[in-house]
Amino acid sequence: MPRRVKFRMLRMLGTVAAIAVVGQAPAYAQSGKNQESSKIPVSTVDIVVTAQKRASRLSDVPAAISAFSGTYIQERGVNDFEGVVEQTPGVSITSDFGGAASKIISIRGLGGTDDYRPNGSSSAALHVDDVYQTSNVFLSLPFFDVERVEVLKGPQGTLYGRNSTAGVINVITRDPGNALNGYATAEIGSYDRRRVEAAVGGPITQDVGVRIAVLGDWGGGYMNGKGAGVLAGLQPIPNTSPIPNPGARNGWGDRDMMAVRGTALWNMPTDGKLRLKFFASRDQGENQTTDSVQGISNQGFFEPDNDPYTFYSNRYPVRDVRMWGTSLGLDQPLTDHVKLNAIVGYQYGKRYVEGAAGSPLRYFDFNFRDKVRQKSLEVRLSGDIGPVDWVVGGYAVNDTVKFVTDLDVTDVAATVLLTDYKQTRKSRAAFGQLDWHINDQFTLTGGLRYTDDKAHFWGSSTDANPYGVSRAPVFFPAIPVFFDNRTSDNNLSGRLTLAYKPIQEVKIYASYGTGYKAGGFDGSSIFSPAEALPLKPEKVKAYEAGLKISTDSQFYASVDAFYYDLSELQSFTIVPPSPANVRINVGKSRLYGVDISVGFNLINNDEQNLRLEAGGTLLDSKITDFVGSPAQVALNLGNDLPAAPHKSANASLIHKLQIGGGLEFTTTLDARYKSSEFKRLNNLPTSRVGAYSVFGLRGEVSSDQGWSVFAYIRNLTDEVYLIDRNVAQRLVGSPRTFGGGVRYEF
Numbered sequence: 001m002p003r004r005v006k007f008r009m010l011r012m013l014g015t016v017a018a019i020a021v022v023g024q025a026p027a028y029a030q031s032g033k034n035q036e037s038s039k040i041p042v043s044t045v046d047i048v049v050t051a052q053k054r055a056s057r058l059s060d061v062p063a064a065i066s067a068f069s070g071t072y073i074q075e076r077g078v079n080d081f082e083g084v085v086e087q088t089p090g091v092s093i094t095s096d097f098g099g100a101a102s103k104i105i106s107i108r109g110l111g112g113t114d115d116y117r118p119n120g121s122s123s124a125a126l127h128v129d130d131v132y133q134t135s136n137v138f139l140s141l142p143f144f145d146v147e148r149v150e151v152l153k154g155p156q157g158t159l160y161g162r163n164s165t166a167g168v169i170n171v172i173t174r175d176p177g178n179a180l181n182g183y184a185t186a187e188i189g190s191y192d193r194r195r196v197e198a199a200v201g202g203p204i205t206q207d208v209g210v211r212i213a214v215l216g217d218w219g220g221g222y223m224n225g226k227g228a229g230v231l232a233g234l235q236p237i238p239n240t241s242p243i244p245n246p247g248a249r250n251g252w253g254d255r256d257m258m259a260v261r262g263t264a265l266w267n268m269p270t271d272g273k274l275r276l277k278f279f280a281s282r283d284q285g286e287n288q289t290t291d292s293v294q295g296i297s298n299q300g301f302f303e304p305d306n307d308p309y310t311f312y313s314n315r316y317p318v319r320d321v322r323m324w325g326t327s328l329g330l331d332q333p334l335t336d337h338v339k340l341n342a343i344v345g346y347q348y349g350k351r352y353v354e355g356a357a358g359s360p361l362r363y364f365d366f367n368f369r370d371k372v373r374q375k376s377l378e379v380r381l382s383g384d385i386g387p388v389d390w391v392v393g394g395y396a397v398n399d400t401v402k403f404v405t406d407l408d409v410t411d412v413a414a415t416v417l418l419t420d421y422k423q424t425r426k427s428r429a430a431f432g433q434l435d436w437h438i439n440d441q442f443t444l445t446g447g448l449r450y451t452d453d454k455a456h457f458w459g460s461s462t463d464a465n466p467y468g469v470s471r472a473p474v475f476f477p478a479i480p481v482f483f484d485n486r487t488s489d490n491n492l493s494g495r496l497t498l499a500y501k502p503i504q505e506v507k508i509y510a511s512y513g514t515g516y517k518a519g520g521f522d523g524s525s526i527f528s529p530a531e532a533l534p535l536k537p538e539k540v541k542a543y544e545a546g547l548k549i550s551t552d553s554q555f556y557a558s559v560d561a562f563y564y565d566l567s568e569l570q571s572f573t574i575v576p577p578s579p580a581n582v583r584i585n586v587g588k589s590r591l592y593g594v595d596i597s598v599g600f601n602l603i604n605n606d607e608q609n610l611r612l613e614a615g616g617t618l619l620d621s622k623i624t625d626f627v628g629s630p631a632q633v634a635l636n637l638g639n640d641l642p643a644a645p646h647k648s649a650n651a652s653l654i655h656k657l658q659i660g661g662g663l664e665f666t667t668t669l670d671a672r673y674k675s676s677e678f679k680r681l682n683n684l685p686t687s688r689v690g691a692y693s694v695f696g697l698r699g700e701v702s703s704d705q706g707w708s709v710f711a712y713i714r715n716l717t718d719e720v721y722l723i724d725r726n727v728a729q730r731l732v733g734s735p736r737t738f739g740g741g742v743r744y745e746f
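Next comes the structure, spelled out in C-alpha cells:
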C-alpha cells in the first residue's frame with residue numbers, strides 16, 4: 001500500500017477514534033433508525049421498509065420487494081452493489097467498458113439496454129438516503145455502513161416516478177444511534193485484495209448525534225495484461241506515432257477507492273428530526289478490460305490457449321472517479337395526524353476513464369471525461385383520515401452534464417475522433433396516493449404522478465487528425481457534426497392495487513401500474529446528425545398479482561406474477577452508416593414472468609439454526625414491433641430483449657451453531673444461476689452469454705464480546721463465465737477468489 005494512502009487512511013481512522021471518545025455523552029431520545037434496528041432475525045420478512053414512503057413490515061407491502069438489513073448484508077460479506085444483486089432473483093448488474101465506473105442494472109429484464117454514459121439515466125432508479133441519483137455516474141457510489149437495501153421490482157409510477165420503469169433500489173445508510181456504537185473491519189484476499197471499513201456513532205449532546213464512517217478498498221484485479229509488444233511485425237500507419245506498449249503486468253482491474261460519510265441528527269424541540277448527511281469518495285482503480293474474441297479484433301495475435309483472463313492492449317485501462325454529495329432532510333409532525341417530510345440534495349461527480357477494446361490494435365479505444373452536477377428537492381405531506389392513509393408531494397431536480405470523449409481509431413482510420421457536448425435537464429413532478437382500508441381484510445390503493453421533463457443537448461463531433469493523414473471521411477463521412485437539440489415530455493402515471501388479507505399470515509394482491517422514463521439523447525460518440533436527435537419517452541403498463549405468506553420469521557414465501565406492455569423501449573443497436581452502437585427506440589415489446597421467494601428453518605433450537613433461503617425468476621420477453629429499415633426489422637423483430645434471461649435463481653443455506661464460551665460459528669453456502677441471455681437486440685450468436693452457476697462459501701466465528709473472524713471463497717468451483725459480450729469483445733466474470741478478515745463491533 002503506498003505511503004500516502006496509508007497516511008490518509010490512518011488519519012481518517014484517527015478521526016473516527018476521536019469521535020468515539022467524544023461520543024461518550026448521555027444517550028438522547030431517538031425513535032427513528034439506529035444501530036439496533038438492524039439486529040433482526042435471519043429472515044428478511046420482518047424488516048421495516050419505507051418503500052411506500054412510510055414505515056411498513058416487508059410482508060405487509062402489496063408489491064414485489066426484496067429487502068436486506070445491515071446485519072444480513074454484513075453476515076454474507078456483501079460490500080458492493082454486485083453482492084446485493086447476487087442475493088436478489090431477477091436482478092443483474094453489469095460493468096461495461098468503463099469497469100466499476102460504468103454500471104448497468106437490470107430488473108426483470110428491463111434496464112439491461114441502458115446507456116452507461118453520464119447523460120443517461122438507469123431504468124432501475126437508484127435512491128440513496130431518499131435522494132434520487134439522476135446520472136448513471138452515481139451507480140458507482142461506494143457501498144458501506146448500510147442500514148438496509150430495498151429492491152422494488154416493477155414500475156414505480158407514483159411515489160418514485162421518474163425513470164423507474166424497471167424498478168427502484170433504495171439504499172439507506174446508518175444514523176448515529178441512541179448510544180455509542182460502531183465497528184471496524186479489516187480484510188485481505190487473493191489478488192492482493194485489501195479492504196478496511198470503520199464507523200462510529202452516538203450522541204454528543206442530549207439532542208444531537210453524529211456518525212462518521214470510512215472505507216478503503218484496494219487490489220483484487222485478476223486480468224493479466226501482456227502489453228502490445230506481441231504485434232509480431234504489424235507496422236503502424238506511415239507518418240503516425242508508434243503504437244504505445246504499456247508493458248506486461250498482472251492484476252489489471254485493481255480497486256483503489258477511499259470514501260468517507262458523515263451524518264448529524266438533531267432531535268428538535270418540535271418533535272421533529274433534522275438529518276444532515278455528507279459523503280465524498282475517490283476511485284483511482286483500473287477497469288476490468290475486455291478480452292478480444294479470437295480472430296475478430298486481435299488479428300490472430302492471441303495466446304494459443306485463448307486464456308479468458310489474458311488480454312493484449314496498447315493502453316492502460318485506468319479511471320479516476322471523484323464524487324461528493326450532501327443532503328438535508330426534515331421529518332416534522334404538524335399534528336397528530338399530519339407529517340411533513342422534506343429533503344434537499346446536491347451531488348457532484350467527475351470521471352476520467354480510459355477504455356480499450358482489449359486488442360493490440362487501436363481500432364476502438366476511448367477516453368472519456370465527464371462532470372455531473374444535480375440539485376433536487378422533494379416535499380411530502382402525509383397523514384390519515386379515519387380509514388384512509390394519504391400522501392401528497394412535489395419533486396424538482398436539475399442536472400448538468402459535460403462530456404468529452406476521444407475515440408482512437410488510428411489502426412482503422414489513422415485518426416482520433418472527438419465528441420464534446422453539454423446537456424441540461426429539468427424535471428418537475430406532483431404526486432399523491434391514497435390507501436383506503438375498507439375493512440380489516442381489504443385495502444384499496446390508488447396513486448397518480450404528473451411529470452414534466454425538459455432537456456437541452458448541444459455540442460460537436462470533429463476529426464482531430466493528429467497525424468495529418470486522417471482517413472475519417474472514408475469511414476465517418478458525416479464528420480464534422482454540430483448539433484443543438486431540445487426535448488420536452490410530460491406524463492401522467494399511476495398505480496391501482498387491491499390487497500386482501502384473509503388471515504394474519506397471508507396477503508393477496510393484484511395491481512395495475514404504469515411507468516415512464518423521460519426521453520433523452522445518445523451520450524456516446526456522435527457520428528451523424530441523426531444520432532444526436534432526441535429519444536422518445538419509454539413507457540410501460542404493468543399487470544401484477546401476488547401472494548405473501550409469513551409466520552413469525554420461521555417461514556415466508558412470496559409469489560408475484562407480472563405482465564408488461566412496453567412502448568418505445570430505449571435501447572441500442574448498430575444503425576448504418578454508424579459503425580458503433582446507437583441509442584434508439586424499440587417500437588413495442590412485451591415481457592412476462594413470475595418471481596418466487598421462500599425461506600424457512602430446517603433446524604431451530606437453542607443450540608443451532610439451519611435455514612434455507614431461495615428465490616427465482618422465470619421470464620419471457622419478445623420484441624413485437626420494430627421500426628427501422630427492412631433489414632433491421634428482419635434482424636430484430638421477434639427477438640428476446642437484451643439482458644433478459646429466461647431463468648435465474650439464487651439460494652443460501654445458513655447454519656448457526658453455538659460452540660460454547662460465548663462463541664457462535666456461522667457457515668453460509670450460497671449459489672446463483674442464470675440461464676443464457678443475449679446482450680444485444682439483434683440476438684446474434686456473437687451477443688449470446690451462456691448459462692452459468694456460481695457458488696460461494698463463508699465461515700465466521702463470532703463472540704458475544706463483539707469480535708469476529710471470517711473467511712470466504714467466492715466462485716468456489718472456479719467457473720469461467722461471461723457477463724457481457726459483443727462481436728469483438730467479451731467481459732469475463734471473476735475467477736475463484738478467497739480471503740478473510742476480522743471485525744469488532746460495539
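Numbering (the UniProt record's numbering), first residue to last: 1 to 746.
Think of the CB as a built atom: it goes at the ideal place given N, C-alpha and C, for glycine as much as any other residue.
Model, not experiment: these values are computed from the prediction.
Here's the rule: buried if 16 or more other CB atoms are within 10 angstroms of the residue's CB, otherwise exposed. What is residue i?
i	result
G386	exposed
S121	buried
F572	buried
N439	exposed
G295	With a pLDDT of 45 at G295, under the threshold of 50, the modelled position of this residue cannot be trusted; read the value that follows with caution. With fewer than 16 other Cβ atoms within 10 Å, it is exposed.
R743	buried
L602	exposed
K6	With a pLDDT of only 40 at K6, under 50, the local geometry of the prediction cannot be trusted, and no value is derived from it.
Q206	exposed
R449	buried
Y512	exposed
R486	exposed
A634	exposed
R57	exposed
E607	exposed
I654	buried
residue 759	Outside the shown range of the chain (1 to 746) lies residue 759, about which nothing can therefore be said.
D271	exposed
Q504	exposed
N298	Bear in mind that a pLDDT of 44 at N298, under 50, signals an unreliable position, so the number given afterwards is only what the model happens to contain. Answer is buried; the Cβ neighbour count reaches 16.
Can you check DSSP and say which residues form a bridge with residue i?
i	result
L657	Q608, F665
R57	V48
P203	G209
L407	F366, L417
L276	A264, L328
I343	G329, E378
E354	N367
Looking only at C-alpha atoms, which of the options sits nearest to residue i?
i	options	result
K103	Q423, I723, A413	I723
F738	Q433, D625, G696	G696
G77	V49, S376, R714	R714
G706	T50, E745, G167, G285	E745
E544	R255, L159, T134, I508	I508
S135	S703, T335, A125	A125
A213	E147, L417, G355, L663	E147
M323	Q374, T263, L610, V397	Q374
A455	L535, V412, R380	L535
A530	I584, K501, L498, F555	I584
L681	V709, I526, S621	S621
G519	R108, L141, Y132, S164	S164
G112	F521, M268, R590, Q570	Q570
K651	G662, P630, Y673	It is Ala, not Lys, that sits at residue 651 in the sequence shown. Selected option, being the one with the closest Cα: Y673.
By the DSSP assignment, the beta strand (DSSP E) with residue i in it spans what residues?
i	result
F431	416–437
F738	737–745
Between which two residues does the alpha helix (DSSP H) harbouring residue i extend?
i	result
A184	Counting along the chain, A184 falls outside any alpha helix (DSSP H), though it belongs to the beta strand (DSSP E) covering 181–189.
V627	V627 -> no alpha helix (DSSP H), and no H or E assigned at all.
* Complete beta strand (DSSP E) runs within the UniProt domain "TonB-dependent receptor plug" (58–168) (minimum length 3 residues, chain order) -> The DSSP assignment places 65–69, 91–95, 103–107, 124–128, 146–153 as complete runs of the beta strand (DSSP E) inside the UniProt domain "TonB-dependent receptor plug" (58–168), in order along the chain (cut-off: 3 residues).
* Counting only runs that start and end within the segment 434–497, where is the beta strand (DSSP E) found for 3 or more residues in a row? -> Listed in chain order, the complete beta strand (DSSP E) runs (minimum 3 residues) inside the segment 434–497 are 442–463.
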